[in-house]
Structures are given as structure tokens and as C-alpha cells.
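J.:
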Amino acid sequence: KAGVTQTPRYLIKTRGQQVTLSCSPISGHRSVSWYQQTPGQGLQFLFEYFSETQRNKGNFPGRFSGRQFSNSRSEMNVSTLELGDSALYLCASSWQGEHEQYFGPGTRLTVT
Amino acid sequence: KQEVTQIPAALSVPEGENLVLNCSFTDSAIYNLQWFRQDPGKGLTSLLLIQSSQREQTSGRLNASLDKSSGRSTLYIAASQPGDSATYLCAVRPGTGNQFYFGTGTSLTVIP
Numbered sequence: 001k002a003g004v005t006q007t008p009r010y011l012i013k014t015r016g017q018q019v020t021l022s023c024s025p026i027s028g029h030r031s032v033s034w035y036q037q038t039p040g041q042g043l044q045f046l047f048e049y050f051s052e053t054q055r056n057k058g059n060f061p062g063r064f065s066g067r068q069f070s071n072s073r074s075e076m077n078v079s080t081l082e083l084g085d086s087a088l089y090l091c092a093s094s095w096q097g098e099h100e101q102y103f104g105p106g107t108r109l110t111v112t
Numbered sequence: 113k114q115e116v117t118q119i120p121a122a123l124s125v126p127e128g129e130n131l132v133l134n135c136s137f138t139d140s141a142i143y144n145l146q147w148f149r150q151d152p153g154k155g156l157t158s159l160l161l162i163q164s165s166q167r168e169q170t171s172g173r174l175n176a177s178l179d180k181s182s183g184r185s186t187l188y189i190a191a192s193q194p195g196d197s198a199t200y201l202c203a204v205r206p207g208t209g210n211q212f213y214f215g216t217g218t219s220l221t222v223i224p
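Protein sequences appear in the order of chains B and S. Quick note, the first sequence lines up with residues 1 to 112 if you use this note's numbering. Quick note, the second sequence lines up with residues 113 to 224 if you use this note's numbering.
See below:
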């Protein structure tokens, strides 16, 4: 059974640009959550999607948005990038959201 | 808001030693708790999931316990090996909502 995949694995952008990250969950999983990991703040929850609907949202500005498609694949978009957005972005999938979560390898975003 | 603390922040032990990692949380109304390991620059690997109604879970050399009333969980690693070197994170899912609150992790080094 294939695990959670994230693309791209590494990304370098400049301030002011926008970026889209992709996450493909484990087959059959309907919940996808996104997290930001930085050395200073640790792992912070961004949002969760279930059956194409955003079900929970963390405390991040509106520049961070996401969506989920009918095949449960999810994308996360960050507009008007800032230096502080440099981080490892992780997505996690689970069957229903409250069950065991499985994480992808992450996308390392560097903003210069 | 749920706050999760992990002590110690770093731990160095000789190979073969048994060790205990600690996780404490402020709100005992949790749905479940999950332990992960993270290798440098990588995603999170699920180790054990404990439901709120359970007291412990075991997988191989790992044993995780949960004391909801006191807001504590421990991860016991038996006969540590150099391959166990990683950062260990605990994550708590509250009774409502589908996000995880993560601790800051314990960085474990097992010396050959």
C-alpha cells in the first residue's frame, strides 16, 4: 500500500511569489491535514480537509489556503510569500480524521 | 487551548539501555494520543496510537502508556539501538476538532 506522497519535495521561491504544494493521501483515506514545521514554532496545524470540505482551520493568515479534490488529493497554496514562510510543510492522511494519522515526507520551502 | 510538553528536550544514552520519554498535556479531555519519530529533514513515522479509553499500547521494543487523568503519557524504549536515534514527538487529539497538538519533541541519541 503506497504511503502519503508530497510534491515537490524541495522548493525555492522569492518573497511576494505564490506557491502550491500537493499531497496525495493513502488510498481510501478521506481526511488530509496540513502542518507547518519550523525550528522556532515546532509543528503547527494549518487546516484539515474531509470529503472536499475544510473541516478545521488553525491560526494562520488568509494567505494560506487549501482545497481537496474528489479523489482526496489536496493542495495547499501560499500567496505573497514572506521570509517567515520558510518551513517544512507536512501533510497527513487518515481514514476519517480522528483515526491514526500517516505523514508524508514533507515539502521543504525556502523563501529568499 | 491544549498545550503539550515533552521532557527532556534531548537525551543521550549508551546502546542497550532502556529509556523513558515523557509527554504531558494540559487538557485531559483527549480523543487519542499518537507517538511519532522524525529523522532529520524527514517526515513523521507513526509509532503507536493510544485511544483515550486505553492505558497502553505495545509494538516490539516500544511501549506507550497513557494516564489521562494526570495528563501524561510515556514512551518506553527497551534495549535501545543506534538506529533509534531520532526526534520523538507526541501528539494529542482533543475531544472535539480534528487537529493534533504536538509537543516540541525529545531528540534521542543512542551511542554505539
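By construction, the Cβ of each residue, glycine as well, lies at the ideal position given by its N, Cα and C atoms. As the structure is a computational prediction, the values presented were derived from the model and not from experiment.
If we count the other Cβ atoms within 10 Å of its Cβ and call it buried at 16 or more, is B/Gly62 buried or exposed?
T.: Result: exposed.
J.: Identify which residue in S/Asp196, S/Ala191, S/Leu178, S/Gly183 has its Cα closest to the Cα of S/Asp151.
T.: When each option's Cα is compared against that of S/Asp151, the closest is S/Asp196.
J.: Do the segment 142 to 161 of chain S and the segment 85 to 105 of chain B meet, that is, are 3 or more Cβ pairs less than 8 angstroms apart?
T.: Touching, yes.
J.: With H, G and I counted as helix, E and B as strand and the rest as coil, what does DSSP make of S/Asp179?
T.: In the structure shown, S/Asp179 sits in a strand (DSSP, three-state: E or B).
J.: Starting from the Cα of B/Thr80, find the closest Cα among B/Pro8, B/Gln17, B/Gln54, B/Thr5 and give me that residue.
T.: Comparing Cα-Cα distances from B/Thr80 to each of B/Pro8, B/Gln17, B/Gln54, B/Thr5, the minimum goes to B/Gln17.
J.: For the candidate residues S/Ser171, S/Val125, S/Ser164, S/Thr221, whose alpha-carbon lies nearest to that of S/Leu178?
T.: Checked all of S/Ser171, S/Val125, S/Ser164, S/Thr221; the closest Cα to S/Leu178 is S/Ser164.
J.: Can you tell me where the beta strand (DSSP E) holding S/Glu249 begins and where it ends?
T.: The shown model of chain S, from 113 to 224, leaves out residue 249 of chain S, and the question about it has no answer.
J.: So, helix, strand or coil for B/Leu81, using DSSP?
T.: Coil at B/Leu81, not helix or strand.
J.: Could one say the Cβ of S/Leu159 lies closer than 8 angstroms to chain B's Cβ atoms, at least one of them?
T.: S/Leu159 does not count as touching chain B.
J.: To the nearest angstrom, how far is the alpha carbon of B/Leu43 from that of S/Gly215?
T.: Rounded to whole angstroms, B/Leu43 to S/Gly215 spans 8 angstroms at the Cα level.
J.: Using a Cβ-Cβ distance under 8 angstroms, would S/Thr117 count as near chain B?
T.: Cβ-Cβ to chain B under 8 angstroms: no for S/Thr117.
J.: For S/Ile119, I'd like the list of residues in its chain whose CB is within less than 7 angstroms of its CB, leaving aside the five on either flank, ordered along the chain.
T.: Once the five neighbours on either side are set aside, the close Cβ partners of S/Ile119 are Asn134.
J.: When Cβ atoms are compared, which residues of the segment 143 to 168 of chain S fall closer than 7 angstroms to chain B?
T.: Against chain B - using a Cβ distance shorter than 7 angstroms - the residues of the segment 143 to 168 of chain S are Tyr143, Gln146, Lys154, Gly155, Leu156, Ser158, Leu161.
J.: Return the chain-ordered ranges of every beta strand (DSSP E) run that is complete within the segment 28 to 89 of chain B and spans a minimum of 3 residues.
T.: Fully enclosed beta strand (DSSP E) runs of 3 or longer: 31 to 38, 42 to 50, 53 to 57, 64 to 68, 74 to 78.
J.: Terminal residues of the continuous beta strand (DSSP E) containing B/Val4?
T.: Taken as a continuous stretch (DSSP letters only), B/Val4 belongs to no beta strand (DSSP E), as it is neither H nor E.
J.: Using only alpha-carbon positions, find the residue among S/Gln166, S/Ser124, S/Pro206 that is nearest to S/Ala198.
T.: Cα-wise, what sits closest to S/Ala198 is S/Ser124.
J.: Using 8 angstroms as the threshold, is the C-beta distance between S/Asn144 and S/Arg184 below it?
T.: No, the Cβ-Cβ distance between S/Asn144 and S/Arg184 is not below 8 angstroms.
J.: For B/Ile12, collect the residues of the same chain with a Cβ closer than 6 angstroms to its Cβ; drop the 5 residues on either side in sequence, then sort them by chain order.
T.: Hits under 6 angstroms: Thr110.
J.: For S/Pro120, name the three-state secondary structure that DSSP assigns.
T.: Here S/Pro120 sits in coil by DSSP.
J.: Is the beta carbon of S/Ser181 closer than 8 angstroms to that of S/Leu131?
T.: No.
J.: Between which two residues does the beta strand (DSSP E) holding B/Ser22 run?
T.: From DSSP, the beta strand (DSSP E) with B/Ser22 extends over 19 to 24.
J.: Who are the Cβ neighbours of S/Phe148 in its own chain at under 8 angstroms, not counting the five residues just before and after it?
T.: If we look at S/Phe148 and ignore the five residues flanking it on each side, its Cβ neighbours are Leu156, Thr157, Ser158, Leu159, Tyr200, Leu201, Cys202, Ala203.
J.: For B/Glu52 and B/Gly66, which I take to be in contact (beta-carbon distance under 8 angstroms), what is that distance rounded to the nearest angstrom?
T.: 11 angstroms between Cβ atoms; not a contact.
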